[in-house]
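Quick note, the sequences are listed as chains A and B, same order. If you're matching positions, the first sequence starts at 1406 in the numbering used here and goes up one per residue. If you're matching positions, the second sequence starts at 401 in the numbering used here and goes up one per residue. Just so you know, even glycine gets a beta-carbon here, dropped at the ideal spot from N, CA and C. A quick write-up on the structure given underneath.
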Amino acid sequence: MFSNHVTKDLSGYCQGELSAEASRAVAEHLIACRRCRSEYEEIKLGVKLAGHLPLVVAPDDLWSQLEAKLENQTIRPKSDRPRSRFVGRIFRPVPIAIAATLLVAFGMTALWIYRQESRPSWEVARLLGAPMIGSSRIGQTGQLGVGQWLETDSASRAKISVASIGQVEIDPNTRVRLIETRATEHRLELARGRMSAHIWAPPRLFFVDTPSGVAADLGCAYTLEVDDAGASLLRVTAGWVAMQLRDRESMVPAGAACATRPGIGPGTPYFEDASEAFRAALTKLDFEPGASNPSGDSSLKQVIEESRVRDTLTLWHLLYRVNPDDRVLVFERLAALAPPPNGVTREGVLQLDEGMLRLWKGELDNIWTGDSALRKGWINAWTRTVGKIKGLEGKR
Amino acid sequence: MEPRAVMAEPIIDERVIKACQKGDREAFRLLFETYRDRVYSIAVYSFAGDQTAAADVTQQVFLKLLTTISQFRGDSQFTTWLYRLVANACIDEQRKRKRFLPFGDATPVNRIEDRKPQERHYAKVELADSVKLAIAELKPHFRLPILLKYMEELSYEEIADVLGCSKGTVASRLNRGHKELARRLSHLRDQVVLGD
């Protein structure tokens, strides 16, 4: 199907050795080519592993050993002329120490300036008002460097070009920082406010850190907002996003949302068209454990009673999050709404058998995404195949 | 690691090299102190953690540097010239030796997320040890580009210059090296991802 595979360029792609154009071509090919994507994952792992090689400090006595050998070595000067006055003067112990100190100071300053100028950055376009990068207002455009903050006031908006993989719009009263940008990972921090992202790169290349979770793009469009308390709300408009904190992860498809809280992480994802009672009970269940509704029913019971077929998204995630007794209730409701496929048993699910849960989720995906067969095939290729390569699909 | 690397370049300028060419011992000492750890690191990884062999090769490199620095004309970067000496010294020494010594017992590493927080530091140390071992087991023509890339942070073009091959060959060898590392250490995949 593909005659121009990109395997030979993959190390260069991972290490930023390709031109922007070549890099974009590789990224586009990776989206479509399963074989190269698999190879890319392998090479990316190799790159990460090699990055753990530490510098080894040489033994302290190496110079004395070398000096002993030097004594026996004839040093042949380039010229037989006697050492110049300048060299003789500059290499005396005290001047050399001063010179070395000055050179180090000069070098560090030069390096700092060089890094300031050459570090990777993203282009920012002003949409409204006067967005600031650091303490400077930007004109029509500006550059957001690694480590720099972009901030909008109540009358400002801005648009960031995320390398060559997408765009992020920054709403008023928002504060974001560029954490990292390289071929294998692009990362923003959203400290407060609201942003909308449209990403067309392979999954798990673009991340947004918030005070209570990390949004990992799986090829999608979404909005993310963070309030002053650090709580966030993710709303997905296309594709999938994984919201995670430590070992807690919520897979959120288009049309669904996921709230997060500091210290807790992502709540259970839900479809935004679920009933108000369902959403209120879920919030209590996620973030106020032990709380009961005014009627005296448990939040879980109300979630179960209010759930529709589409809300199997929430129920499937709850299987992992409730205690074994409550898991029975969740399973029964889930099975009533969407019977498990062949090979998935009650006992296996109650024991959180990963294979069975994945199989069931594969069936449920059709309900959650509501796609036509053709589009479903594409989305399956995107979210399942790529997600599986990344170890994402159904990952807990 | 990084502070040494960033301080190295500004210190060794043309004046220091010219002083070395005239036989100035203090200038040579300055040059030695600047590059000793980086040269030693390449050697120690090339000889499977054998510190004696690494120290020998490091000394050989600096002795060779001292005797041949008068031939350095500044046509290429000094670092390129130095790492060419290092690469040649490692290859020569490996030809003399028919066997590699292991870094020590490569014990299986548990998944990092299964460990208690206080154990994670040790897991990272074990991870670095596993990578060292796997690097040592690579064929020299895959290992050297990796060491030059990760120890010295050279570009593909600079590596090609040091090794006397094309940039495409460097890319190809790094591809093979990375894949080989991933294959040998695939059991550490989760650990690497979680450790990021």
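For a cut-off of 8 Å, the C-beta gap from A/HIS1722 to A/PRO1674 is around 6 Å, short enough to register as a contact. With a cutoff of 8 Å on beta-carbon distance, A/PRO1607 and A/LEU1435 are scored as near each other. According to the DSSP assignment, A/LEU1764 belongs to the alpha helix (DSSP H) that extends over 1759-1774. At a C-beta separation below 8 Å, B/LYS532 has these neighbours in chain A: LEU1458.
In the three-state scheme derived from DSSP, where H, G and I count as helix and E and B as strand, A/GLY1421 is classed as coil. Collapsing the DSSP output to three states places A/ARG1587 in a strand. The Cβ atoms of A/THR1628 and A/MET1656 lie no closer than 8 Å to each other. In this chain, the beta strand (DSSP E) harbouring A/GLN1572 covers 1571-1575. Spanning the alpha carbons of A/PRO1525 and B/ASP529 requires a straight line of approximately 31 Å. Nearest to B/TYR483 by alpha-carbon distance, out of B/PHE447, B/ARG429, B/GLU537, B/VAL439, is B/VAL439. Rounded to the nearest whole angstrom, the C-alpha separation of B/SER572 and A/ILE1448 is 12 Å. For B/SER476, same chain residues with a beta-carbon under 8 Å away, outside a window of 5 residues either side, are ASP561 in chain order.
Contact of B/ARG473 with chain A by beta-carbon distance below 9 Å is absent, the smallest such distance being about 11 Å. The beta carbons of A/GLY1753 and A/MET1761 sit closer together than 8 Å. Here the alpha carbon of A/MET1537 sits roughly 20 Å from the alpha carbon of A/THR1586. Between B/PHE542 and chain A, the shortest Cβ-Cβ separation is not below 8 Å. If you look at A/ASP1622, you'll find it in the beta strand (DSSP E) that goes 1618-1631. Contact note: B/HIS587 does not reach chain A at a C-beta cutoff of 9 Å; the least C-beta distance is about 11 Å. With its beta carbon less than 8 Å from one in chain B, A/GLU1422 belongs to the interface.
A/ALA1430 and A/LEU1555 have their C-alpha atoms some 29 Å from each other.
Contact between the region 1659-1668 of chain A and the region 1632-1648 of chain A is present: 3 or more CB-CB pairs across the two stretches fall below 8 Å. For B/ILE535, the nearest beta carbon of chain A is closer than 8 Å to its own beta carbon. The beta-carbon of B/THR479 is placed no less than 8 Å from the nearest beta-carbon of chain A. Apart from sequence neighbours up to five positions away, the residues of its chain that approach A/ASP1691 with a beta-carbon distance below 6 Å are GLY1672, THR1673, ordered along the chain. With respect to the 8 Å criterion, A/ALA1455 and B/TYR550 are classified as neighbours on the basis of their beta carbons. CA-to-CA, the gap between A/GLU1433 and A/ARG1751 works out to about 42 Å.
A/SER1541 is classed as exposed because its beta carbon has fewer than 16 other beta carbons within 10 Å across all chains shown.
At a cut-off of 8 Å between beta-carbon atoms, B/THR458 makes contact with chain A. By the CB criterion at 8 Å, A/GLN1572 and A/VAL1619 fall outside the cutoff.
Using a C-beta cut-off of 8 Å, the region 430-439 of chain B makes no contact with the region 1437-1453 of chain A, since fewer than three inter-stretch Cβ pairs fall below that distance.
Going by C-alpha positions, A/GLU1528 is about 7 Å away from A/THR1546. Contact check for A/THR1579 and A/GLY1598: beta-carbon distance about 3 Å, within the 8 Å limit, so the pair qualifies. Here A/ILE1503 is exposed: its Cβ has fewer than 16 other Cβ atoms, across all protein chains shown, within 10 Å.
Residue environment: B/GLU414 is assigned as exposed (fewer than 16 neighbouring CB atoms within 10 Å of its CB, all protein chains considered).
Using a Cβ-Cβ cut-off of 7 Å, A/ILE1501 is close to GLU426 of chain B, given in chain order. For A/GLN1548, the enclosing beta strand (DSSP E) starts and ends at 1546-1550.
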